[in-house]
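Student:
There are 4 protein chains.
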Amino acid sequence: MTRRLRLGMVGGGEGAFIGAVHRIAARLDDAFELVAGALSSDAARARASAQALGLARSYADWREMASVEGAREDGIEAVAIVTPNHLHAPVAHAFMDAGIHVICDKPLAVSLAEGEALARHARDANLVFALTHTYSGYPLVRHARELVEAGEIGEVRIVQVEYAQDWLAQPVERAAGSGGANRQAVWRTDPALAGPAGCLGDIGTHAYQLAAFVSALVPASLAAEVHTFVPGRRVDDHVQAMLRYANGARGMLWASQVASGAENTLRLRVYGTKAGLAFDQEEPNLLWFTPQGGEAQRLTRGRVTGTAARHATRVPPGHPEGYLEAFAQLYRDAAAQIHAREAGVAAPPESRLLTTVDDGVEGLRFIEAVLASSAAGGAWRRIERQ
Amino acid sequence: MTRRLRLGMVGGGEGAFIGAVHRIAARLDDAFELVAGALSSDAARARASAQALGLARSYADWREMASVEGAREDGIEAVAIVTPNHLHAPVAHAFMDAGIHVICDKPLAVSLAEGEALARHARDANLVFALTHTYSGYPLVRHARELVEAGEIGEVRIVQVEYAQDWLAQPVERAAGSGGANRQAVWRTDPALAGPAGCLGDIGTHAYQLAAFVSALVPASLAAEVHTFVPGRRVDDHVQAMLRYANGARGMLWASQVASGAENTLRLRVYGTKAGLAFDQEEPNLLWFTPQGGEAQRLTRGRVTGTAARHATRVPPGHPEGYLEAFAQLYRDAAAQIHAREAGVAAPPESRLLTTVDDGVEGLRFIEAVLASSAAGGAWRRIERQ
Amino acid sequence: MTRRLRLGMVGGGEGAFIGAVHRIAARLDDAFELVAGALSSDAARARASAQALGLARSYADWREMASVEGAREDGIEAVAIVTPNHLHAPVAHAFMDAGIHVICDKPLAVSLAEGEALARHARDANLVFALTHTYSGYPLVRHARELVEAGEIGEVRIVQVEYAQDWLAQPVERAAGSGGANRQAVWRTDPALAGPAGCLGDIGTHAYQLAAFVSALVPASLAAEVHTFVPGRRVDDHVQAMLRYANGARGMLWASQVASGAENTLRLRVYGTKAGLAFDQEEPNLLWFTPQGGEAQRLTRGRVTGTAARHATRVPPGHPEGYLEAFAQLYRDAAAQIHAREAGVAAPPESRLLTTVDDGVEGLRFIEAVLASSAAGGAWRRIERQ
Amino acid sequence: MTRRLRLGMVGGGEGAFIGAVHRIAARLDDAFELVAGALSSDAARARASAQALGLARSYADWREMASVEGAREDGIEAVAIVTPNHLHAPVAHAFMDAGIHVICDKPLAVSLAEGEALARHARDANLVFALTHTYSGYPLVRHARELVEAGEIGEVRIVQVEYAQDWLAQPVERAAGSGGANRQAVWRTDPALAGPAGCLGDIGTHAYQLAAFVSALVPASLAAEVHTFVPGRRVDDHVQAMLRYANGARGMLWASQVASGAENTLRLRVYGTKAGLAFDQEEPNLLWFTPQGGEAQRLTRGRVTGTAARHATRVPPGHPEGYLEAFAQLYRDAAAQIHAREAGVAAPPESRLLTTVDDGVEGLRFIEAVLASSAAGGAWRRIERQ
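Heads up: the protein sequence lines correspond to chains W, D, P and G, in order.
First residue of the first sequence: 26, per the numbering used here; consecutive thereafter.
First residue of the second sequence: 26, per the numbering used here; consecutive thereafter.
First residue of the third sequence: 26, per the numbering used here; consecutive thereafter.
First residue of the fourth sequence: 26, per the numbering used here; consecutive thereafter.
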């Protein structure tokens, strides 16, 4: 048996959505054991949350946690960062300073400069830095990428991606209703915590990453605009962009948190010179592959035979997997990479699809380009990469 | 029984796709009788086609047809124009000069100026001028519009429309294969026959019209680019646009004839402050209505009770209707309007959703704005309306 | 041009559902012209209905119509029988006596003996006798049959067919509500008009026929029971049956008119030793073909290339066809067979899939076997065929 | 934090499918810790499997395990039984004798008598005995039951349930191919290990249980036949049954492991006097609710607000859950019941939907009735319950 890695967590105290998801994901494939945490910036809440989880070591402060855990013989080997966005960078630096691998929620940081510094730090410190773009953990998303890489759809011509939700269609970040303000909404619409990008950073980056992941292409330029539909909201809740790729391909990206009726509709279509692919996150056990002029094939998670998909699934055909399994896949891949890094060997090939700090930097490039284009009235703008 | 109207046809000879569709549509509800035609610019082919259809009167030239039919006691009362786009305007003028109502295929004309002249002519001559934007004949498209008008989705915030095909993904307009060139492709990619807009004019205008029809809104400005993927093609085969509406709504429009795998995927989503609507032309017996934060309702053609849908359907729930019935609906509405016009009375309210020359003018405004924006590198541009 | 056949109609006066459908179907492909009718047993209503339709010749009595039309030089060449079931046989005999071809709605008759007599009469008189099992006119139903015949699914092992509606879930045949009794329900639940089988005859026979049509197999024995859920109803509104085939295949058939929520859900699945097929009448432009252990292929009406499907469709891929086009296909095939019969030549191969009096006889065998099994408490029973 | 329960496992060594599923399910909600196992009847394999899992205590023999663990201060509190069916009863008795709670895979046992003895034993020993009918762990299956219980569909009239797979469509239990025999198939088609029911016991019981769970009804009598399509197979691979309920409801059940193309298609429809429900295991985040004569509502896991569904889900709307989460739900419920039993208090209401030994007994009644009916040529037969 591969030894379980000792995991710590920063953020994710009671009431947080994504912290609980990270914990299940870490546990699902039995590759990590959660042993320490600074679960809240509020000391009492941190302690109570740690107790509720049966956590061995609880810290009131993540700086202390980083230094103490880094010094212990049995200290944590990796940290999961599930705080609001503005803390991703300082927390990650602190733990990397302590020689601890990082598994960080997206978006990576609140500015491109911050993100680039994190990437440099991880590279210099020779640490694994995973970024949890969950949807790239789905077996069929990986299969789609494998099909593109194998040339099955030909050269990519068109990329259409969208991510629609409706949970911010009303000003739920304000305590208007009987239940008070929605806590998730409060920090996600506060630029001081979420950064300058609202919907754009929260789900626009997911859409962008998914498109890049599957198409194996990033756009060269874009024209975009962010928009805020809900009066008084301090960040955008809607973004639309047109994309141009270096090879001549074209694309469109739409993300909205005010699309009435939409739950969590992340959809990608990629059309090449030979065939088209379609994936819908709400039906993750299906991938549609349609040859030009031909009939759609309904590929299923259980029956596709590609290596990438096989590695990322656990149960037989017809037994659906979901979001938590996709998330767990990232933890499984991160564990494989950490074990390899510690052993000084190459990471196993099946873990190569893990999204990392570099994907995060690309996401921040996208955010900055969209904001710049939008500020310029939606003018076309190159996405600079050195 | 309402008397059958005498119908003529220009274009639509053997091998033409849309001519046969118009003939079935005209016949389906028994409101027209096809009695005359100038079915081809080639005299022999015109004659043979007329004979094959059992047509009473065949003309080699549409100018002659217009003048002769206009003078006959039992001359045609309406003409269906199903020629390539460049002839729509001259043919329509000739028949209107002869006092004959017009049912014209889309796009209306090859320039906005041409279109505006047609609209003036129809108005001055007090003639019905129907434009066959087929998809607005679907019962559930009409129901969607009725829901929007009744405020059921609240104020419109987002419009997403797309129309994807793949039949032009290869240069089928050139005689490369064993079967020779695709005749439909030949004229549709020839700017002299189709006008300056390829995919944009052929299906982009359908998408635009559908969005406007259902949302009851037209955009105030747009940023767009047309693109030609297939080397050597003389018109665009792909168009993407971002839209801004006067009320602050935002939208995106995508149309492509090189989207590998797509058959005829025309999809519209409209999101308002209260609910969202979704329609897919390939499943025209369904309309999805989803309240904000709520559960999707699968509205069916047979069970919705709105007046507009009821008027536009023929068979009970669960007995699917399709494209030909939608097309027939336009003919049925046109017949009702023509009878009313001839009688000097107001057209029955249930025929008011017929698309007319004015919709065609708006479509040409869209085409010109897209081409101008695209020529300016995709810059934002107002859509001028006086 | 092939000459239009002169058609008459018995039944189908104002307010009748299926008569209007027959008229559209007859007209759609321009193969028939309706010129005479005995549209109602009520003389005034017959006359008014004929007038509303612009019918040349109206009869108060179908017996008179048969003899007069049979004697006229320009008399009808075919009659469409769209009366309640109990009249199918006498009307058909009368017109066959007059040398007139028959197009009859289903079920063929109210007893197997009646049906067998009709089959003998048609054979002896050398007349075409079409039975309008509409669903066999769908292009993809015909394609499914062609796939089975070509061995694409291997030997048939399992047949699952069902037909569910809910319009009889309440006692709508009684004038309980404000709107009075449902006229369709009144005769369909009256054994004197509909025959001894209610749901079984009305839609159970459609399900049975569809299964036989596609699988190219008829069961050797069955165990079945009919049931009446709605108190006071005089015929069955629900039927379930298990089937055994001579080759060892097994099957199940379910039909219900009290299945709350169902509109017109006719679904067939056929599984062979190599692959499975699935068809749903409410999505008639799709056929699912799934190889054993493989991925489903979504076959579409427009893109399948088989001869049978090609012959039965009118518009390009992605332009949906529906129920009326399927119905029209039967009329088109009947016209082809009548022209051939009149010319004394073999019917064209593409018309061979027309359902005829022989399919009706097989349907009556099924009805009688189900009723006998049900009367015997659901015991297994051979379906006798000589 | 609620203390993790110490769990042991019998069966589930390397290569076993369901053992790994049980382990993930037990771990997912952090309610159990696996500490001991007798993972294989082969001693070396048991040891290797335990080592691979990092298991604290490994036993070569489950009898020894039961007595040792029962005697230890820190012995296991519950045992997961994931052996072939014939061992369920003896293993369960042994652990119950040792005072250990049981979580057993289905079917419960290989005969009704065995099952009834287990139920008595559990009752007498006051032990929790969970039976893992996984599909009843889906949030929307529980919601469906809640809707039925609340009268939302009215009185149940019709139950249609089916479970189709194709993995046994060929004789994979024999070492014909290059890869040798399918291990899962070997024991599942061996009556000595699986019991007298093949497909019937393996998946027919799942279908039966699901129908009973949601409808809150069990049939009073049935007519059924099992069938073996694959030559040489020693158990059935196909079963069909018609059902009669005490309240007059009717139903059909079909299960097959030779349905070419089917992956794991477990579908249930329940129709009442007011509305219908439909659930498909391959799309477990959806439940369809359709009022009589009305429009289908697409209920989603994330948005339904019922207590039962809320208790059984972990992530927000639009983030799909799957089979493993449903399975984990049973473990979560079992943990709640065990804690309550140990504390001598009533189990929390939200755990009441856990399937238990009593559901297993009912499943064995069904098996015996089907086999008896089938042996009698498919004759109707009462299902005896005292």
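Ideal Cβ placement from N, Cα and C applies to all residues, glycine included.
Note that the coordinates shown come from a computational prediction; the quantities given were computed from them, not determined experimentally.
What would DSSP say about residue 407/G, mapped onto helix, strand or coil?
Tutor: Here residue 407/G corresponds to residue number 382 of the fourth sequence, with the count starting at 1. In the structure shown, residue 407/G sits in a strand (DSSP, three-state: E or B).
Student: List the endpoints of the continuous alpha helix (DSSP H) containing residue 92/D.
Tutor: Mapped onto the second sequence, residue 92/D falls at position 67. Per DSSP, residue 92/D belongs to the alpha helix (DSSP H) from 87 to 96.
Student: Measure from the alpha carbon of residue 185/G to the alpha carbon of each residue in 371/G, 305/G, 405/G, 396/G, then state which is nearest.
Tutor: As a working mapping, residue 185/G is identified with position 160 in the fourth sequence. Closest option to residue 185/G, judged by alpha-carbon separation, among 371/G, 305/G, 405/G, 396/G: 305/G.
Student: Locate the beta strand (DSSP E) running through residue 182/P, then write down its first and last residues.
Tutor: By one-based count along the third sequence, residue 182/P stands at place 157. First-last of the beta strand (DSSP E) with residue 182/P: 181 to 189.
Student: Pull the bridge partners of residue 314/W from the DSSP assignment, please.
Tutor: For the purposes of this step, residue 314/W is identified with residue 289 of the first sequence, where counting begins at 1. For residue 314/W, the pairing in a beta bridge is given by DSSP as 302/W, 322/W.
Student: Cβ of residue 192/W less than 9 Å from any chain G Cβ?
Tutor: Mapped onto the first sequence, residue 192/W falls at position 167. By this cut-off, residue 192/W is an interface position.
Student: Of all the residues that make up the segment 313 to 343 of chain P, which are near chain W by a beta-carbon distance shorter than 9 Å?
Tutor: 313, 314, 315, 318, 319, 320, 321, 322, 323, 324, 325, 328, 329, 342
Student: Which residue's Cα is closest to the Cα of residue 95/P: 108/P, 117/P, 155/P, 76/P?
Tutor: Here residue 95/P is taken as the residue at index 70 of the third sequence, counted from 1. Looking at 108/P, 117/P, 155/P, 76/P, the one whose alpha-carbon comes closest to that of residue 95/P is 117/P.
Student: Helix, strand or coil: how does DSSP classify residue 22/D here?
Tutor: Summary: the structure shown does not reach residue 22/D, with chain D confined to residues 26 through 411, and so no result is reported for it.
Student: Counting only C-beta atoms, is residue 213/D closer than 9 Å to chain P at any point?
Tutor: Within the second sequence, numbered from 1, the residue matching residue 213/D stands at position 188. It does not: the Cβ of residue 213/D has no partner Cβ on chain P nearer than 9 Å.
Student: For residue 159/P, which residues of its own chain have a beta-carbon under 6 Å away from its beta-carbon, when the five flanking residues on both sides are left out?
Tutor: For the purposes of this step, residue 159/P is identified with residue 134 of the third sequence, where counting begins at 1. Correct list, in chain order: 351, 352.
Student: Report the neighbours of residue 131/P on chain G: residues whose CB is nearer than 7 Å to its CB, in chain order.
Tutor: As a position in the third sequence, residue 131/P is number 106, starting the count at 1. Near residue 131/P there are no residues of chain G at all, since even the closest Cβ is about 24 Å away, more than 7 Å.
Student: Rounded to whole angstroms, what's the CA-CA distance from residue 161/P to residue 167/G? Just pull it up for me.
Tutor: On the third sequence, position 136 is the one that residue 161/P refers to. On the fourth sequence, position 142 is the one that residue 167/G refers to. Computed Cα separation, rounded: 40 Å.
Student: Are residue 307/D and residue 288/D touching if we call contact CB-CB under 9 Å?
Tutor: In the second sequence, the residue the question calls residue 307/D occupies position 282. In the second sequence, the residue the question calls residue 288/D occupies position 263. A contact, by the Cβ cut-off of 9 Å.
Student: Could you check if residue 310/D is buried or exposed, using at least 16 other CB atoms within 10 Å of its CB as the buried criterion?
Tutor: Position 285 of the second sequence, counted from the start, is the residue given in the question as residue 310/D. It is buried - the Cβ of residue 310/D has at least 16 other Cβ atoms within 10 Å.
Student: Evaluate residue 76/D with the Cβ neighbour count: other Cβ atoms within 10 Å of its Cβ, from every protein chain shown; 16 or more gives buried, anything less gives exposed.
Tutor: Mapped onto the second sequence, residue 76/D falls at position 51. By the 10 Å Cβ count, residue 76/D comes out exposed.
Student: Give me the subset of the segment 270 to 298 of chain D whose CB atoms are less than 9 Å from a CB atom of chain P, sorted by chain position.
Tutor: For the segment 270 to 298 of chain D, the set of residues with a beta-carbon nearer than 9 Å to any beta-carbon of chain P comprises 287, 288, 289, 290, 291, in chain order.
Student: Closer than 7 Å, Cβ to any Cβ of chain W: which residues of the segment 342 to 363 of chain G, in chain order?
Tutor: For chain W, the residues of the segment 342 to 363 of chain G that bring a beta carbon within less than 7 Å of one of its beta carbons are 342, 343, 344, 345, 346, 347, 348, 349, 350, in chain order.
Student: What residues of chain P sit near residue 52/D, judged by a beta carbon separation below 8 Å?
Tutor: The residue given as residue 52/D occupies position 27 in the second sequence. The answer, in chain order, is 52, 53, 55.
Student: Mark residue 174/P as exposed unless 16 or more other C-beta atoms lie within 10 angstroms of its C-beta, in which case mark it buried.
Tutor: Numbered from 1 along the third sequence, position 149 holds the residue referred to as residue 174/P. Here residue 174/P is exposed: its Cβ has fewer than 16 other Cβ atoms, across all protein chains shown, within 10 Å.
Student: With DSSP run on the structure shown, which of helix, strand or coil describes residue 28/W?
Tutor: As a first step, residue 28/W is located in the first sequence; it is residue number 3 there, counting from the start. Coil, per DSSP.
Student: Please decide whether residue 403/P counts as near chain G, where near means a Cβ-Cβ distance under 9 Å.
Tutor: As a working note, residue 403/P is residue 378 in the third sequence. Output row for residue 403/P: interface = yes.
Student: DSSP three-state label for residue 66/W, please.
Tutor: Along the first sequence, read from residue 1 onward, the residue named residue 66/W stands at position 41. It is coil, neither helix nor strand.
Student: Less than 8 Å between the CB atoms is what I'm expecting for residue 296/P and residue 182/P, so what's the real figure, rounded?
Tutor: Taking the third sequence and counting its residues from 1, the one referred to as residue 296/P is at position 271. Taking the third sequence and counting its residues from 1, the one referred to as residue 182/P is at position 157. About 5 Å separates the two Cβ atoms, so the contact holds.
Student: Kindly indicate if chain G contains any beta-carbon less than 9 Å away from that of residue 46/W.
Tutor: Numbered from its first residue, the first sequence carries residue 46/W at position 21. Yes, contact with chain G.
Student: Are the CB atoms of residue 328/P and residue 177/W nearer to each other than 9 Å?
Tutor: Here the question's residue 328/P lines up with position 303 in the third sequence. Here the question's residue 177/W lines up with position 152 in the first sequence. Going by C-beta atoms, residue 328/P is not nearer than 9 Å to residue 177/W.
Student: Where does residue 281/G fall in DSSP's three states?
Tutor: Counting from one through the fourth sequence, the residue named residue 281/G turns up at place 256. Residue 281/G: strand per DSSP, three-state reduction.
Student: Count the other CB atoms within 10 Å of the CB of residue 27/W; is the residue buried (16 or more) or exposed (fewer)?
Tutor: Along the first sequence, read from residue 1 onward, the residue named residue 27/W stands at position 2. With fewer than 16 other Cβ atoms within 10 Å, it is exposed.
Student: Output needed for residue 107/G: all residues of its chain with C-beta closer than 8 Å, excluding positions within five of it in sequence on either side, in chain order.
Tutor: The count along the fourth sequence starts at 1 and reaches residue 107/G at position 82. Once the five neighbours on either side are set aside, the close Cβ partners of residue 107/G are 34, 35, 36, 37, 41, 43, 44, 47, 130.
Student: Determine which residues of the segment 222 to 234 of chain P have a Cβ less than 9 Å from any Cβ of chain D, and write them out in chain order.
Tutor: none
Student: Go ahead and pull the three-state DSSP assignment for residue 296/G.
Tutor: Residue numbering aside, residue 296/G sits at position 271 when the fourth sequence is read from its first letter. Of the three classes helix, strand and coil, the one that applies to residue 296/G here is strand, per DSSP.
Student: Restricting to Cα atoms, I'd like to know which of 354/G, 390/G, 383/G is closest to residue 376/G.
Tutor: Position 351 of the fourth sequence, counted from the first residue, corresponds to residue 376/G. The residue with the shortest Cα to Cα distance from residue 376/G is 354/G.
Student: Note down, in chain order, every chain C residue with its Cβ under 8 Å from the Cβ of residue 254/D.
Tutor: No chain C is present in this structure, whose protein chains are W, D, P and G.
Student: Count the other CB atoms within 10 Å of the CB of residue 248/D; is the residue buried (16 or more) or exposed (fewer)?
Tutor: Stepping through the second sequence from its first residue, residue 248/D is reached at position 223. Classification of residue 248/D: buried, given that the 10 Å Cβ count is 16 or more.
Student: Could you name each continuous alpha helix (DSSP H) segment of 4 residues or more that falls completely within the segment 74 to 153 of chain W, going from the start of the chain to the end?
Tutor: If we require 4 residues or more, the alpha helix (DSSP H) runs fully inside the segment 74 to 153 of chain W come out as 87 to 96, 113 to 122, 137 to 150.
Student: By the criterion of Cβ-Cβ separation under 8 Å, what are the contact partners of residue 301/G in chain P?
Tutor: The count along the fourth sequence starts at 1 and reaches residue 301/G at position 276. Correct list: 191, 284, 285, 286, 287.
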